[in-house]
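Protein chains in written order, with full-length UniProt numbering: chain A, 1 to 303; chain B, 1 to 303.
Think of the CB as a built atom: it goes at the ideal place given N, C-alpha and C, for glycine as much as any other residue.
All values reported here derive from a predicted model rather than from experimental measurement.
Working notes, beginning with the structure itself.
Now the structure itself:
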């Protein structure tokens with residue numbers, strides 16, 4: 001099965017207590033696609049970039065077998081830019097600058113050959129654009145969606161229309177509380193799942209993630225990392241690993257969903273070890289399997 | 001094996017968004033002993049109360065087969081009192097009032113029949129008193145210790161002397177960061193374990209707990225409760241269930257430590273369902289086993 005990934009491509013200027021990394025390749029769809037590329041080889045991206053997005057950047061995606069035919073390049077424009085600074089504890093950050101650039105007029109066009117995509121992954125973009133993408137897909141089997149508080153607060157009705165068509169929704173804990181209006185995550189999950197997505201993942205950053213399905217709740221731990229250099233993209237990397245695993249195994253059972261959450265967590269734990277997407281470029285399958293095993297060991301109770 | 005529990009007995013005035021509960025029986029050793037009483041029947045308390053601690057209160061402890069001969073009753077004094085108010089999210093609280101009363105002059109005296117205790121549980125009290133207790137014990141096999149930021153910041157040297165004699169240290173995440181001086185919990189754990197306790201548990205409130213031993217890290221999830229009425233005593237209740245399980249099985253392997261963390265978590269999840277110790281009074285072993293099983297299910301990955 002092929003995965004269609006729609007979201008942002010960006011250049012980030014990142015500052016953390018450990019250093020800074022200017023002009024770093026980023027964007028939600030970049031992290032999602034790179035992460036998923038370790039699980040499946042049929043990944044198609046739809047997005048928009050400017051002339052500053054060079055062959056070298058495309059080459060990096062191609063080296064991971066990611067199809068970029070759906071990425072529009074606006075020759076007289078500049079790629080979306082984000083600048084942020086992380087605090088000492090790495091859990092909070094300030095956005096220093098956002099330049100939408102070519103992303104301001106992004107009108108997602110899904111190329112004909114992608115319209116039969118079975119798995120559609122809607123990265124964190126305007127929910128109106130998310131719907132535009134879905135309208136172009138013939139018969140999606142699985143729609144995964146991410147969002148952020150900006151859209152929850154700014155376009156709640158449009159987001160709710162999107163959610164009616166979403167199978168798996170990935171959100172973080174503070175966003176879940178805002179969207180549901182309830183501080184309790186169990187109640188939040190019930191309220192949000194009633195909006196459409198039968199499968200809900202609530203990410204809790206350094207505290208792991210919760211998976212809610214009809215069959216109950218799964219609590220995935222976070223990997224207790226000694227060194228976190230840059231949390232940028234960790235959530236998207238999680239989504240990519242999660243979707244990649246589900247695509248690879250081709251079945252959505254509770255067991256595979258749980259494993260998917262751990263694979264997503266494993267990929268996110270790699271992501272934060274270096275700046276930007278750096279760590280996601282040169283992974284090998286064995287170290288991913290090892291990290292997954294470490295996640296299993298973290299919560300193992302053997303009789 | 002018998003457990004010696006030393007700590008505070010108190011009356012708490014508790015306010016939460018769900019209501020208030022004045023004159024509620026509390027104190028670290030009360031929660032610890034009540035929780036442990038579901039796992040072992042040989043629990044001895046050492047502490048101090050005033051004349052307002054009536055036969056009814058002693059009766060409640062006796063009904064759980066807890067031996068109270070080591071509790072000094074000061075007839076012309078009043079029991080330690082604490083008043084606090086929890087915020088909307090239940091994760092933060094303000095202390096409204098603290099009256100040490102008879103606790104101000106507490107000089108723990110371990111009765112002769114308790115001095116051969118093999119398991120000593122030092123609740124959150126002045127580290128100088130914790131050492132005084134240890135000096136009275138002949139040959140403890142396992143010393144468990146809790147503390148709080150008040151002592152970490154106020155008596156760091158005394159606390160470090162205590163820790164040299166502690167086998168299992170239980171602390172929350174913010175306290176671990178203060179004590180170690182490092183925001184990263186993995187690094188914090190290494191620093192704290194070098195102070196003495198080979199086994200360290202870092203509690204993360206609604207995010208579960210981490211167990212650090214020579215053999216690695218165990219991450220226990222928190223039970224995703226829909227209704228949390230009162231978090232007071234949850235940490236002490238955790239400690240009681242943890243110690244109770246270890247005492248019951250009589251062996252300290254990594255497996256039993258992990259199970260102990262889940263039993264402690266299960267007991268804490270009951271504690272917060274009602275005000276004060278109310279929920280800890282009428283539990284039965286079957287519902288504890290059921291809750292423990294729910295914790296196992298929360299992180300289960302079956303092949």
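* Asked: Looking at the C-beta of residue 228/A, does it have a partner C-beta in chain B at a distance below 9 Å?
  -> yes
* Asked: Is it the case that the CB of residue 237/B approaches a heavy atom of the ligand MG more closely than 8 Å?
  -> Judged by which ligands are present, the structure shown has none, so any question about the ligand MG falls away.
* Asked: From 44/B, 72/B, 291/B, 48/B, pick the residue whose C-alpha is nearest to that of residue 1/B; which is it?
  -> 44/B
* **Near-chain B residues of the segment 27-39 of chain A - C-beta to any C-beta below 9 Å** => none
* 8 Å CB neighbourhood of residue 166/A in its chain, flanking five on each side removed -> 122, 143, 144, 145, 196, 197
* Could you please give the first and the last residue of the uninterrupted beta strand (DSSP E) stretch that includes residue 210/A? => 209-213
* Once you ignore the five residues that flank residue 34/A on each side, which residues in its own chain have a CB closer than 8 Å to its CB? -> 61, 64, 66, 237, 240, 277, 280, 281
* **First and last residue of the uninterrupted beta strand (DSSP E) at residue 39/B** => Unbroken run through residue 39/B: none, as it is neither H nor E.
* Would you tell me roughly how many angstroms separate the C-alpha atoms of residue 94/A and residue 15/A, rounded to the nearest one? => 10 Å
* From the DSSP output, which residues share a beta bridge with residue 249/A? -> Per DSSP, none; premise fails for residue 249/A.
* **Contact residues within the segment 70-91 of chain A, judged by C-beta distance below 7 Å to chain B** => 88, 89
* For the beta strand (DSSP E) that residue 67/A lies in, which residues bound it at each end? -> 66-74
* Give a yes or no on whether 9 Å exceeds the smallest Cβ distance from residue 180/A to chain B. => no
* To do: Look up residue 15/A in the DSSP assignment and give the residues it is bridged to.
  => 20/A, 85/A
* Asked: Between the Cα of residue 199/B and the Cα atoms of 223/B, 219/B, 170/B, which residue gives the shortest distance?
  -> 170/B
* Simplified DSSP state of residue 9/A, which is helix, strand or coil -> coil
* To do: Select from 230/A, 174/A, 48/A the residue whose C-alpha is nearest the C-alpha of residue 76/A.
  => 48/A
* Which word fits residue 150/B, buried or exposed, when buried means at least 16 other C-beta atoms lie within 10 angstroms of its C-beta? -> exposed
* Could you name the residues of the same chain whose beta carbon sits closer than 6 Å to that of residue 267/A, not counting the 5 residues immediately before and after it, in chain order? => 35, 237, 241
* To do: Evaluate contact between the segment 288-301 of chain A and the segment 110-126 of chain B, counting only Cβ atoms and requiring at least three cross-stretch pairs below 8 Å.
  => no
* Mind the definition here: the segment 50-58 of chain B touches the segment 118-133 of chain B only if three or more C-beta pairs lie below 8 Å; say whether that holds. => no
* **Cα-Cα separation, residue 108/A to residue 202/A** => 27 Å
* Asked: When the Cα of residue 163/A is compared with those of 129/A, 184/A, 186/A, which residue comes out closest?
  -> 129/A
* residue 184/A beta carbon less than 9 Å from that of residue 153/B -> no
* Could you run through the segment 177-210 of chain B and flag, in chain order, every residue whose CB is less than 7 Å away from some CB of chain A? => 183, 184, 185, 186, 187, 204, 207, 210
* Interface positions of the segment 248-261 of chain A facing chain B (Cβ-Cβ less than 8 Å), listed along the chain -> 255, 258, 259
* Counting only beta-carbon atoms, is residue 216/A nearer than 9 Å to chain B? -> yes
* Asked: Which residues in the same chain have their Cβ closer than 6 Å to the Cβ of residue 41/A, if we skip the five residues on either side of it in sequence?
  -> 65
* To do: Compare the C-beta of residue 301/A against all C-beta atoms of chain B and say whether one is closer than 9 Å.
  => yes
* Asked: residue 190/A to residue 221/B, Cα distance in whole Å?
  -> 20 Å
* **Run of the beta strand (DSSP E) containing residue 143/A, from where it starts to where it stops** => 142-146
* Asked: Mind checking if residue 231/A is an interface residue toward chain B, Cβ cutoff 9 Å exclusive?
  -> no
* To do: Let me know if residue 147/A comes out buried or exposed under the rule of 16 or more other beta-carbons within 10 Å of its beta-carbon.
  => buried
* Asked: Closest Cβ-Cβ distance between residue 266/A and chain B: below 9 Å?
  -> no
* Asked: Using a Cβ-Cβ distance under 9 Å, would residue 234/A count as near chain B?
  -> no
* Given that residue 246/A touches chain B, what residues does it touch there, using C-beta distances under 8 Å? -> None at all; the shortest Cβ gap to chain B is about 15 Å.
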